[in-house]
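Engineer: Here the protein sequences come in this chain order: U and A. Residues in the first sequence are numbered consecutively from 1, following my numbering. Residues in the second sequence are numbered consecutively from 1001, following my numbering. The beta-carbon is built from N, C-alpha and C at its ideal position, and this holds for glycine as well.
There are 2 protein chains.
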Amino acid sequence: MSSQTFLIVGLGLIGGSYARGLHAAGHTVWALDRDQDALDYALQEGFIQRGAVYDKELVSGAERVIFGLYPRTMIDWLDAHGGDLHPEALVTDVSGVKRGVVEAAQDRMAPGQEFLASHPMAGREVSGVRSSDAAIFQGANFIITPTGRNTPQAMEALRALAEELGFGHISVLTPQEHDEMIGYVSQLTHAIAVSLMNANDNTHLREYTGDSFRDLTRIAKINENLWSELFLANRDILLGEIDAFAEALGGLRAALAAGDEEELRRLFIQSTHRRRIFDGE
Amino acid sequence: MSSQTFLIVGLGLIGGSYARGLHAAGHTVWALDRDQDALDYALQEGFIQRGAVYDKELVSGAERVIFGLYPRTMIDWLDAHGGDLHPEALVTDVSGVKRGVVEAAQDRMAPGQEFLASHPMAGREVSGVRSSDAAIFQGANFIITPTGRNTPQAMEALRALAEELGFGHISVLTPQEHDEMIGYVSQLTHAIAVSLMNANDNTHLREYTGDSFRDLTRIAKINENLWSELFLANRDILLGEIDAFAEALGGLRAALAAGDEEELRRLFIQSTHRRRIFDGE
């Protein structure tokens, strides 16, 4: 990909990791962030060339824009500053939920501009630009969620970007398909980990916890502002996933309460079989 | 610890790992297993010196006995062969549940013999002596669950054994305390992982699963015979833990359904705080 100028709006963990990766790939990287300290850090580290809390020249001068903001904040930003974007800007995001967000962002593009949504499935249990690291993208999933308003050219450009940054698997889903998938593999798992941690004050059991418990609760350390927004943005699907899980757990509970050893064995055999498929066995 | 003769009854993953560790520490190791192939393997590998499906001479000749059997099978074995044990045998087990098991085993000891229960909190997602490995004990928890019928001498001997095998943390709990702890940190987590895997046939989502999902479902690969027995042996406590977890998940669900962003944030902050304590932060 020939050298381009990228504007990162929101220089946190993910935005910062994009900035680092794009800089390493030889692109020019500018950034906006409400926190001057984050900008100073990135300028000093040298992985952005210019940065500001707001600068109309940066906004209008970049043909490639990546929003590293929370979904609602991105829409608010577009309402306030969308008019300053480059007339042919290709814009993408990093949002973990797509329904509602994608259409809203596309509604705010002028003719000639294009918003093509994507979701880099990467992260860490820490936040902020100082924790950013382009290595989190290596081998990760990159999901593009186009609508009827997107062009093949934009698809191709985003695909090339993902390849350049080292993503391992690039796929295309509708916003609905994306949100259904994420409701199960990500949001439900976080809801479970949080509830397991909150079920009792079991911190006195700390010395007895083995790998299983630690694995299940690692993601119970969670950014409360981001995840409450993502959960609510995907409310209907996540409620359905929680209910399906609760029903499965209720089935296991009923077998246990009834002393039904055969049914317990059947449930364990089924889960083992399915998990083996996930492991490619 | 001076060299002793240990009899391992049940040469599976855990029994085999004990055999390897004891052999490496310079002890004489004998083994009984219903599977001649497992014995042949261990004899060939050289980490047991003698082995048989049953041999009265091995049973009566060893002052140290470790049962690597499932709880019910151990009690059945004691009913059939307990009379052959060395008159001063010190016997322990590896059972993941203690109530019911410990008293039943102690009832089957003659005067001069002693059953002191213990639980090595170690394992793998595979089974059988060919997967055994003394390294699984390194740094793991070793729990001793004495009753009023146990002696300080036996406690000391078992403690020395655990230290010799490299366990990282040795603790003493009553059978009730043990089962309450295990109901939460181990059995509930397995019930959750199994139910998450069984909630839907989501195997088509395999390509989208990241670390979180894989971490939460790793233990959904589960030995159905062992775990159905352990779940039922701890039924009352596990039912209570499932209910406490379901209530916590229900609380999160209610906040989500009501669009209560503040309550969601509170739950996330609480889980993050507790998980940090587990990490020693």
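Return no unless some Cβ of chain A is closer than 8 Å to the Cβ of residue 205 of chain U.
Structural biologist: Answer yes: the Cβ-Cβ gap between residue 205 of chain U and chain A drops below 8 Å somewhere.
Engineer: Please specify which runs of the alpha helix (DSSP H), each continuous and at least 4 residues long, are wholly inside the region 116-173 of chain U, giving them in chain order.
Structural biologist: Complete alpha helix (DSSP H) runs here, min 4: 152-164.
Engineer: Pick out the complete alpha helix (DSSP H) segments inside the region 198-259 of chain U, 4 residues or longer, and give them in chain order.
Structural biologist: Segments of the alpha helix (DSSP H) lying fully in the region 198-259 of chain U: 211-217, 224-233, 235-257.
Engineer: Distance, Cα to Cα, residue 1176 of chain A vs residue 209 of chain U?
Structural biologist: Rounded to the nearest angstrom, the two C-alpha atoms are 17 Å apart.
Engineer: Can you give the Cα-Cα distance for residue 1168 of chain A and residue 1135 of chain A, rounded to whole angstroms?
Structural biologist: Roughly 12 Å separates the two Cα atoms.
Engineer: Give me the Cα-Cα distance between residue 53 of chain U and residue 22 of chain U, rounded to the nearest whole angstrom.
Structural biologist: Spanning the two alpha carbons is a distance of roughly 20 Å.
Engineer: Of the residues that make up the region 1017-1040 of chain A, which ones have a beta carbon closer than 7 Å to any beta carbon in chain U?
Structural biologist: Residues: none.
Engineer: Tell me which residues share the same chain as residue 42 of chain U and place their Cβ nearer than 8 Å to its Cβ, disregarding the 5 neighbours each side in the sequence.
Structural biologist: So the list reads 11, 16, 19, 31, 48, 51, 129, once near-sequence residues are dropped.
Engineer: Check whether the Cβ atoms of residue 1234 of chain A and residue 270 of chain U sit closer than 8 Å, and answer yes or no.
Structural biologist: Not a contact, by the Cβ cut-off of 8 Å.
Engineer: Helix, strand or coil: how does DSSP classify residue 1051 of chain A here?
Structural biologist: Residue 1051 of chain A: strand per DSSP, three-state reduction.
Engineer: Within the continuous alpha helix (DSSP H) that includes residue 1108 of chain A, where are the two ends?
Structural biologist: Element bounds for residue 1108 of chain A: n/a, residue is neither H nor E.
Engineer: Between residue 1104 of chain A and residue 1116 of chain A, what straight-line distance do the alpha-carbon atoms span, to the nearest angstrom?
Structural biologist: Each residue's alpha carbon lies about 12 Å from the other.
Engineer: Could you tell me the distance, in whole angstroms, from the CA atom of residue 1236 of chain A to the CA atom of residue 261 of chain U?
Structural biologist: For residue 1236 of chain A and residue 261 of chain U, the distance between alpha carbons rounds to 15 Å.
Engineer: Applying a beta-carbon distance threshold of less than 8 Å, which residues of chain U neighbour residue 1169 of chain A?
Structural biologist: Correct list: 207.
Engineer: By Cβ distance below 6 Å, which residues in the same chain neighbour residue 1194 of chain A in space, the five residues on each side in sequence not counted?
Structural biologist: Counting only Cβ-Cβ distances below 6 Å, and skipping sequence neighbours, we find 1220.
Engineer: Just the C-alpha distance for residue 1154 of chain A and residue 1063 of chain A, rounded to the nearest angstrom, thanks.
Structural biologist: Their Cα atoms are separated by approximately 12 Å.
Engineer: If the cut is a Cβ gap below 9 Å, which residues of chain U does residue 1138 of chain A touch?
Structural biologist: The premise fails here: residue 1138 of chain A is roughly 13 Å from chain U at the closest Cβ pair, so nothing lies under 9 Å.
Engineer: Pull up the CB-CB distance for residue 188 of chain U and residue 216 of chain U, whole angstroms please, since I reckon it's below 8 Å.
Structural biologist: The pair is not a contact, with the Cβ atoms about 13 Å apart (cut-off 8 Å).
Engineer: When you check each C-beta in the region 188-205 of chain U against every C-beta of chain C, which residues fall closer than 8 Å?
Structural biologist: Included in the structure are the protein chains U and A, with no chain C among them.
Engineer: Run through chain U and tell me which residues come within less than 8 Å of residue 1269 of chain A, C-beta to C-beta.
Structural biologist: Correct list: 224.
Engineer: Please state whether the Cβ-Cβ distance between residue 1284 of chain A and residue 242 of chain U is less than 8 Å.
Structural biologist: Only positions 1001 to 1281 of chain A appear in this structure, which leaves residue 1284 of chain A out of reach.
Engineer: Quick one, which of A/1180, A/1200, A/1178, A/1165 has its alpha-carbon nearest residue 181 of chain U's?
Structural biologist: Among A/1180, A/1200, A/1178, A/1165, the Cα nearest to that of residue 181 of chain U belongs to A/1200.
Engineer: Per DSSP, which one or two residues make a beta bridge with residue 1030 of chain A?
Structural biologist: Answer is A/1007, A/1050, bridged to residue 1030 of chain A.
Engineer: Does the distance from the CB of residue 1207 of chain A to the CB of residue 1025 of chain A come in under 8 Å?
Structural biologist: No, they are not a contact pair.
Engineer: Residues of chain U with CB under 8 Å from residue 1254 of chain A, in chain order?
Structural biologist: None at all; the shortest Cβ gap to chain U is about 10 Å.
Engineer: Helix, strand or coil: which one does DSSP assign to residue 1022 of chain A?
Structural biologist: Correct three-state label for residue 1022 of chain A: helix.
Engineer: Would you mind giving the Cβ-Cβ distance between residue 239 of chain U and residue 1246 of chain A, rounded to the nearest angstrom? I have them listed as a contact below 8 Å.
Structural biologist: Their Cβ separation, rounded to whole angstroms, is 15 Å, which puts residue 239 of chain U and residue 1246 of chain A out of contact at 8 Å.
Engineer: What would DSSP say about residue 1114 of chain A, mapped onto helix, strand or coil?
Structural biologist: Three-state result, residue 1114 of chain A: strand.
Engineer: Looking at chain U, is there any beta carbon in it that lies within less than 8 Å of the beta carbon of residue 1249 of chain A?
Structural biologist: True, the Cβ-Cβ gap to chain U drops below 8 Å.
Engineer: So if DSSP puts residue 1092 of chain A in a beta bridge, which residue, or which two residues, is it bridged to?
Structural biologist: BP columns for residue 1092 of chain A point to A/1066.
Engineer: Let's see if you can read the secondary structure: which residues bound the alpha helix (DSSP H) around residue 1037 of chain A?
Structural biologist: From DSSP, the alpha helix (DSSP H) with residue 1037 of chain A extends over 1036-1045.
Engineer: Are residue 1228 of chain A and residue 265 of chain U touching if we call contact CB-CB under 8 Å?
Structural biologist: Yes, they are a contact pair.
Engineer: Spatial neighbours of residue 106 of chain U within its chain, please: C-beta separation below 6 Å, excluding the five flanking residues on both sides.
Structural biologist: Contacts found: 115, 149.
Engineer: Taking DSSP as the reference, what is the three-state secondary structure of residue 12 of chain U?
Structural biologist: Coil.
Engineer: Compare the Cα-Cα distances from residue 1071 of chain A to each of A/1119, A/1276, A/1171 and report the closest residue.
Structural biologist: Checked all of A/1119, A/1276, A/1171; the closest Cα to residue 1071 of chain A is A/1119.
Engineer: From the DSSP output, in three-state form, read off residue 1097 of chain A for me.
Structural biologist: Correct three-state label for residue 1097 of chain A: coil.
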